[in-house]
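Below: one structure, written as structure tokens.
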Amino acid sequence: MAKKRANGEGNIRKRKDGRWEGRYTAGYDPATGKRIIKNVLGKTQAEVKEKLALAIDSTKDLDVARMDDCTVAA
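Written as structure tokens, this is what we have:
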């Protein structure tokens, strides 16, 4: 039986094209309340696991509800 990932860790799967994909929730849309799902791709499962951990850590500090208020200059 496959191991289950904990809440907030995202998920990893192998795609039909042979690449590995990691998906995670980046936040929630304030207007609709739906999840904002992002993904990372890689050639190996270990590579995707590292990328997924970095992506989740980088989105923890972002306030997705205020993304429309921010500009590149700011």
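Throughout the sequence shown, residue numbering follows the numbering used here, covering 4 to 77 in sequence.
For every residue, glycine included, the Cβ atom is placed at its ideal position computed from N, Cα and C.
None of the values given here were measured: they were computed from a predicted structure.
DSSP has residue i in a bridge; who is on the other side?
i: E50; result: According to DSSP, E50 bridges with nothing at all.
i: G45; result: W23
For residue i, which residues of its own chain have a beta-carbon under 7 Å away from its beta-carbon, when the five flanking residues on both sides are left out?
i: V43; result: G25, V51, K54, L55, A58
How is residue i classed by DSSP in three states: helix, strand or coil?
i: A56; result: helix
i: T28; result: strand
i: K63; result: helix
i: R18; result: coil
State the CB to CB distance for the pair residue i and residue j, rounded to an integer number of angstroms; the pair is presumed to be in contact (CB under 8 Å).
i: Y31; j: I40; result: Between I40 and Y31 the Cβ distance is about 10 Å, and since that is not below 8 Å, they are no contact.
Quick one: residues in its chain with C-beta nearer than 8 Å to the C-beta of residue i, no 5 flanking neighbours on either side, listed in chain order?
i: K37; result: Y31
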